[in-house]
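A quick write-up on the structure given underneath.
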Amino acid sequence: MRFASLGSGSEGNALVVEAGGGTTLTRVLLDCGFSAKEVERRLARAGLAADTLSAILITHEHSDHIGSALTLARRWSIPLYMSWGTARAVGADDAAGVELNVLWGDEAVEIGELGVLPYTVPHDAREPLQFVFNDGASRLGVLTDVGESTPHINAVLSACDALVLEFNHDLDMLETSRYPASLKARISGSYGHLNNDAAGEILAALDRSKLRHLIAAHLSQQNNTPELARAAMAAVLGNAATEIGVATQAEGFDWLEL
Ligand SMILES: [Zn+2]
Ligand SMILES: [Zn+2]
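Numbering of the sequence shown is given in the working numbering, commencing with residue 162 and proceeding in unit increments.
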């Protein structure tokens with residue numbers, strides 16, 4: 162399995178995950194949170210064409226995740242996967258020329274060579290899901306857009322080989338920012354986004370015995386810095402051999418192999 166981000170943050174998210182190879186290659190896009198032109202440009206930058214995608218998976222209906230998913234699905238005949246709540250929120254349940262596959266929380270599906278486990282999380286959307294990918298040998302866990310930890314999240318993300326984990330904001334930076342009070346409350350609330358300490362606490366609670374790669378994702382460009390996210394990751398990992406990285410809004414991150 163290998164994976165790469167096309168960009169991560171409140172202005173757009175998209176992650177490519179591949180398994181298999183040759184005639185059995187499966188390549189999915191998790192979230193499609195940019196314009197169609199921009200997704201195609203970013204795919205091309207990673208050496209990929211949109212018509213080679215096996216599926217587009219969507220976590221929830223916020224624009225930095227749904228973006229141009231319906232347009233691209235229609236244009237290139239790519240099957241869409243999302244919860245019923247997300248489908249209803251974006252009109253995918255009733256969209257002509259779109260193949261919708263409804264995901265149920267905590268019910269695994271297979272897409273070609275990839276095992277896909279959608280799992281439920283607290284976030285201010287209709288029926289948000291996050292994902293664990295599995296190719297039979299390794300597991301990649303993804304968690305962004307989540308207000309707080311749950312015992313369920315800790316169980317699902319334990320013993321992954323790689324994690325893409327939200328480190329959205331530094332709480333002091335958010336509190337002293339110029340954001341209106343209502344927005345600060347939304348972001349830091351239990352249906353909002355993880356601050357660096359909260360993400361660190363989730364990481365600390367997980368079984369990390371297999372963890373080879375940890376990527377901080379969905380960083381706020383106003384209320385966080387890559388250095389603070391790195392420090393929060395390092396504080397938990399200590400001397401562990403896990404490689405750490407930070408996904409950026411402009412570039413995402415380059416291919417990582419498991
Ligand atoms: Zn988001
Ligand atoms: Zn969101």
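Yeah, the Cβ is synthetic: ideal placement off N, Cα and C, and Gly gets one too.
- Using a cutoff of 8 Å, the CB of Asn356 does not count as near ligand 1, since none of the ligand's heavy atoms is closer than that.
- One alpha carbon belongs to Gly252, the other to Gly246, and they sit about 10 Å apart.
- In this structure, ligand 1 has a non-hydrogen atom nearer than 8 Å to the beta-carbon of Asn174.
- Counting only heavy atoms of ligand 2, the residues whose C-beta sits closer than 5 Å to one of them are, along the chain, His223 and Asp306.
- In this structure, the beta-carbon distance from Asn329 to Asn356 falls below 9 Å.
- Look at Thr337 here: in three-state DSSP terms it is coil, with no helix or strand label.
- The DSSP-derived three-state label of Asn295 is strand.
- Gly258 counts as exposed, since fewer than 16 other C-beta atoms from the protein chains shown sit within 10 angstroms of its C-beta.
- Its chain contains Ala320 as the residues whose beta carbon lies nearer than 7 Å to that of Ser370, once the 5 sequence neighbours on both sides are disregarded; these appear in chain order.
- In the DSSP assignment, Ile314 falls outside any beta strand (DSSP E) and lies within the alpha helix (DSSP H) extending over Pro312 to Leu318.
- Minimum Cα-Cα distance from Phe292 among the listed residues Asp285, Ala298 and Asp306 corresponds to Asp306.
- In this structure Ala408 does not touch Ser215 by the C-beta definition: roughly 22 Å separates them, more than the 8 Å allowed.
- Under the DSSP definition of a beta bridge, Glu268 lacks any partner.
- Exposure of Asp358 is indicated by the presence of fewer than 16 other C-beta atoms within 10 angstroms of its C-beta.
- Judged by DSSP secondary structure, Glu412 falls outside any beta strand (DSSP E); it is assigned neither H nor E.
- Residue state for Ala175 is assigned as strand, using DSSP reduced to three classes.
- Shortest gap from the CB of Gly194 to any heavy atom of ligand 1: under 8 Å.
- At the C-beta level, Val317 and Leu278 come within 9 Å of one another.
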